[in-house]
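A.B. asks: For reference, each letter of the sequence shown is one residue, going 1 to 372 in full-length UniProt numbering. Take this structure first; my questions come after.
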Amino acid sequence: INNTAYDEPLEDFVIREKEVLNTIFQFPAYKAPGPSGVINAAIEVLGHQLAPIITNSVNASLRLGHYPSGWKHSMTVVIRKPGKPDYTVPKAYRPIALEEALSSVCEAVLSCKLSQLAENANLLPQMQFGARSGRTTTDAILSLTKWTREVRGKTSIYGVTNLGRVSERLESKGEPSTKSPPFSILTSLKPSLTSTQYDYATICDVEECRQTSMVNLISNFLEDRTTRLVFDDHKSDTFEASNGFSQGSALSPLLYNFYTADLLDIAGPSPPRGRPRALVCAFVNDTSLAVSSPSFKENVEMLEALAPRAVTWGQQHTSQFDPNKFTLVHILTKQAAKTKPDQTLPVKVGDVTIKPVESARLLGVTIDRHLD
Numbered sequence: 001i002n003n004t005a006y007d008e009p010l011e012d013f014v015i016r017e018k019e020v021l022n023t024i025f026q027f028p029a030y031k032a033p034g035p036s037g038v039i040n041a042a043i044e045v046l047g048h049q050l051a052p053i054i055t056n057s058v059n060a061s062l063r064l065g066h067y068p069s070g071w072k073h074s075m076t077v078v079i080r081k082p083g084k085p086d087y088t089v090p091k092a093y094r095p096i097a098l099e100e101a102l103s104s105v106c107e108a109v110l111s112c113k114l115s116q117l118a119e120n121a122n123l124l125p126q127m128q129f130g131a132r133s134g135r136t137t138t139d140a141i142l143s144l145t146k147w148t149r150e151v152r153g154k155t156s157i158y159g160v161t162n163l164g165r166v167s168e169r170l171e172s173k174g175e176p177s178t179k180s181p182p183f184s185i186l187t188s189l190k191p192s193l194t195s196t197q198y199d200y201a202t203i204c205d206v207e208e209c210r211q212t213s214m215v216n217l218i219s220n221f222l223e224d225r226t227t228r229l230v231f232d233d234h235k236s237d238t239f240e241a242s243n244g245f246s247q248g249s250a251l252s253p254l255l256y257n258f259y260t261a262d263l264l265d266i267a268g269p270s271p272p273r274g275r276p277r278a279l280v281c282a283f284v285n286d287t288s289l290a291v292s293s294p295s296f297k298e299n300v301e302m303l304e305a306l307a308p309r310a311v312t313w314g315q316q317h318t319s320q321f322d323p324n325k326f327t328l329v330h331i332l333t334k335q336a337a338k339t340k341p342d343q344t345l346p347v348k349v350g351d352v353t354i355k356p357v358e359s360a361r362l363l364g365v366t367i368d369r370h371l372d
């Protein structure tokens, strides 16, 4: 990948002083500082003096494909998650990585530039709504509810699950029906963001930008990262942080979107007749899959085929899924309710049995069995 060259870059990738200056003044002034203790307020006070220096530094990094090693080190503060019953388990704590202020500025500038390039070239999945300008959780929820209303004209049931490869059974069969079907939702399938290993796959996706400088810089940026843990008054020794990204890094969510792009591409192309029978919708690592079938039974079979594939994908990409956290909701339309289908059918993922519930939280919104 190093020294990769492309004949026709998608667009110019030069950082300008105005972009750096805007980023400096957008940062929270008194955010907790990184290892050196330099706070954002100091960078802001000297913004006009530092902007030309930072601009030259970032452009030099792009030319050389090298990210300063001093900016790859962070200090990870470990804090308790509120309301946890047992604080002897690691999951009861949240690691917050504090980076150097100058590094945060550079990452934010690069993230903004790469995001613009990705949007202009349509490099990210259409149904990925997280970490993208102009897209919110509301857009993700509206896309899901809009799809369910559009497919109500089919003999189908619907469901939502996290990603895996869709099988042939998800293709549309026959002409649309005038009946209004029931559907199901399986949510809360989240791969662990911090355990993800950003490796060759990420760089290959970024390569779609056809930007030699950015590809080489991101490759170097992901190497030789270090951190140290801080618990109250205790500090650990410095160690290598080879997996994942510093939580709070401006580049982390965007590169995660590149990394999981193939995970979102599970429904395949739309069938020639009617709407597709599956819809994948995500907000960064919070992903759901809506599926449509003639009955709850078939809908469950589809989810049982898809969910294990999501788990397998996670194992292959060092992104852990926890089926115990999956949530299943069978949603029934008034017309389909006349047939009195069995709404108690569970979905089995490995050794875990997921029983349907009355309602589920999806991106902060409660969705019940009537899609109210």
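Where a beta carbon is used, it is the ideal one built from N, C-alpha and C, also for glycine.
Alpha helix (DSSP H) containing residue 51: first to last residue?
C.D. replies: As a working mapping, residue 51 is identified with position 51 in the sequence shown. Looking at the DSSP string, the run of the alpha helix (DSSP H) that includes residue 51 is 47–64.
A.B. asks: Helix, strand or coil: how does DSSP classify residue 366 here?
C.D. replies: Counted from its first residue, the sequence shown places residue 366 at position 366. Residue 366: strand per DSSP, three-state reduction.
A.B. asks: With which residues is residue 93 paired in a DSSP beta bridge?
C.D. replies: On the sequence shown, residue 93 is found 93 positions in, with the first residue counted as 1. 80.
A.B. asks: Under DSSP, the alpha helix (DSSP H) around residue 143 begins and ends at which residues?
C.D. replies: Here residue 143 is taken as the residue at index 143 of the sequence shown, counted from 1. Residues 137–150.
A.B. asks: Would residue 53 and residue 247 qualify as a contact pair, given that the criterion is a beta-carbon distance under 8 Å?
C.D. replies: The residue given as residue 53 occupies position 53 in the sequence shown. The residue given as residue 247 occupies position 247 in the sequence shown. No; because the gap between Cβ atoms is not below 8 Å, this pair is not in contact.
A.B. asks: Is the beta carbon of residue 354 sitting closer than 8 Å to the one on residue 326?
C.D. replies: Taking the first residue of the sequence shown as position 1, residue 354 is located at position 354. Taking the first residue of the sequence shown as position 1, residue 326 is located at position 326. Yes; because the gap between Cβ atoms is below 8 Å, this pair is in contact.
A.B. asks: Between residue 20 and residue 123, what straight-line distance do the alpha-carbon atoms span, to the nearest angstrom?
C.D. replies: Here residue 20 refers to the residue found at position 20 of the sequence shown. Here residue 123 refers to the residue found at position 123 of the sequence shown. If I take the Cα positions, the gap works out to 24 Å.
A.B. asks: Please state whether DSSP places residue 111 in a helix, a strand or coil.
C.D. replies: Position 111 of the sequence shown holds residue 111. Of the three classes helix, strand and coil, the one that applies to residue 111 here is helix, per DSSP.
A.B. asks: Looking only at C-alpha atoms, which of 70, 93, 71, 73 sits nearest to residue 81?
C.D. replies: Within the sequence shown, numbered from 1, the residue matching residue 81 stands at position 81. For the residues 70, 93, 71, 73, the minimum Cα distance to residue 81 belongs to 93.
A.B. asks: Using the C-alpha atoms, what's the distance from residue 71 back to residue 30?
C.D. replies: One-based indexing of the sequence shown puts residue 30 at position 30. One-based indexing of the sequence shown puts residue 71 at position 71. Using only the alpha carbons, I get a separation of about 19 Å.
A.B. asks: What residues in its chain sit with their C-beta under 8 Å from that of residue 48, if we drop five residues either side in the sequence?
C.D. replies: On the sequence shown, residue 48 is found 48 positions in, with the first residue counted as 1. The residues are 21.
A.B. asks: Among 241, 34, 131, 297, which has the Cα closest to the Cα of residue 99?
C.D. replies: Within the sequence shown, numbered from 1, the residue matching residue 99 stands at position 99. Looking at the Cα atoms, 34 is the closest of the given residues.
A.B. asks: Under the assumption that residue 253 contacts residue 118 (Cβ atoms under 8 Å), give the Cβ distance between them as a whole number of angstroms.
C.D. replies: Translated into the one-based positions of the sequence shown, residue 253 becomes position 253. Translated into the one-based positions of the sequence shown, residue 118 becomes position 118. At roughly 12 Å, the Cβ-Cβ gap does not stay under 8 Å, so residue 253 and residue 118 are not in contact.
A.B. asks: Let's see if you can read the secondary structure: which residues bound the beta strand (DSSP E) around residue 15?
C.D. replies: Position 15 of the sequence shown, counting from 1, holds the residue named residue 15. Note, residue 15: premise wrong, no beta strand (DSSP E); not H, not E.
A.B. asks: Tell me which residues share the same chain as residue 125 and place their Cβ nearer than 7 Å to its Cβ, disregarding the 5 neighbours each side in the sequence.
C.D. replies: The residue you call residue 125 lines up with position 125 of the sequence shown. Cβ neighbours of residue 125 beyond the five flanking positions: 261, 264, 265.
A.B. asks: Which class does residue 328 belong to by DSSP, given the choice of helix, strand or coil?
C.D. replies: Against the sequence shown, residue 328 aligns to sequence position 328. If DSSP states are grouped into helix, strand and coil, residue 328 belongs with the strands.
A.B. asks: List the whole-angstrom C-beta distance separating residue 321 from residue 310, where the pair is believed to meet the contact cut-off of C-beta under 8 Å.
C.D. replies: For the purposes of this step, residue 321 is identified with residue 321 of the sequence shown, where counting begins at 1. For the purposes of this step, residue 310 is identified with residue 310 of the sequence shown, where counting begins at 1. So it is a contact: roughly 6 Å between Cβ atoms.
A.B. asks: Count the C-beta pairs between the stretch 299–306 and the stretch 128–148 that are closer than 8 Å, then say yes if the count reaches three, no if not.
C.D. replies: No contact exists between the stretch 299–306 and the stretch 128–148.
A.B. asks: Going by alpha carbons, who is nearest to residue 365 out of 75, 46, 114, 136?
C.D. replies: Translated into positions along the sequence shown, residue 365 becomes position 365. The shortest C-alpha separation from residue 365 is found at 136.
A.B. asks: Suppose contacts are defined by Cβ-Cβ distances below 8 Å. Is residue 357 in contact with residue 323 by that definition?
C.D. replies: Translated into positions along the sequence shown, residue 357 becomes position 357. Translated into positions along the sequence shown, residue 323 becomes position 323. No.
A.B. asks: Would you tell me roughly how many angstroms separate the C-alpha atoms of residue 451 and residue 238, rounded to the nearest one?
C.D. replies: Past the boundaries of the shown model lies residue 451; the chain is included only from 1 to 372, so the question cannot be answered.
A.B. asks: Looking only at its own chain, which residues have a Cβ that is under 6 Å from the Cβ of residue 360, when we skip the five neighbours before and after it?
C.D. replies: Locating residue 360 in the sequence shown gives position 360, where the first residue counts as 1. These residues qualify, in order along the chain: 187, 327, 329, 367.
A.B. asks: Quick check: the Cα distance between residue 78 and residue 147, rounded to an integer number of angstroms?
C.D. replies: Looking up residue 78 in the sequence shown gives position 78. Looking up residue 147 in the sequence shown gives position 147. Spanning the two alpha carbons is a distance of roughly 41 Å.
A.B. asks: Taking the alpha carbon of residue 24 as the reference point, which residue from 14, 88, 104 has its own alpha carbon closest?
C.D. replies: Translated into the one-based positions of the sequence shown, residue 24 becomes position 24. Looking at the Cα atoms, 104 is the closest of the given residues.
A.B. asks: With residue 101 and residue 38 assumed to form a contact (beta carbons below 8 Å), what rounded beta-carbon distance in angstroms separates them?
C.D. replies: For this step, residue 101 is matched to residue 101 along the sequence shown. For this step, residue 38 is matched to residue 38 along the sequence shown. Right, their Cβ atoms sit about 5 Å apart.
A.B. asks: Sorted by chain position, which residues of the same chain lie with C-beta nearer than 6 Å to residue 283's C-beta, five sequence neighbours on each side aside?
C.D. replies: Taking the sequence shown and counting its residues from 1, the one referred to as residue 283 is at position 283. Result list for residue 283: 129, 130, 137, 140, 363, in chain order.
A.B. asks: Around the Cβ of residue 40, are there at least 16 other Cβ atoms within 10 angstroms (buried) or fewer (exposed)?
C.D. replies: In the sequence shown, residue 40 corresponds to position 40, counting from 1. It is buried - the Cβ of residue 40 has at least 16 other Cβ atoms within 10 Å.
A.B. asks: Please state whether DSSP places residue 253 in a helix, a strand or coil.
C.D. replies: Here residue 253 corresponds to residue number 253 of the sequence shown, with the count starting at 1. In this structure, residue 253 counts as helix in the three-state DSSP scheme.
A.B. asks: CB residue 258 to CB residue 67, shorter than 8 Å?
C.D. replies: By one-based count along the sequence shown, residue 258 stands at place 258. By one-based count along the sequence shown, residue 67 stands at place 67. Against a cut-off of 8 Å, the Cβ pair of residue 67 and residue 258 comes out as no contact.
A.B. asks: For residue 280, report the span of its beta strand (DSSP E) as first-last.
C.D. replies: For the purposes of this step, residue 280 is taken as the residue at position 280 of the sequence shown. Segment 278–283, the beta strand (DSSP E) holding residue 280.
A.B. asks: Do the CB positions of residue 312 and residue 74 come within less than 8 Å of each other?
C.D. replies: By 1-based counting over the sequence shown, the position of residue 312 is 312. By 1-based counting over the sequence shown, the position of residue 74 is 74. Contact flag unset, no.
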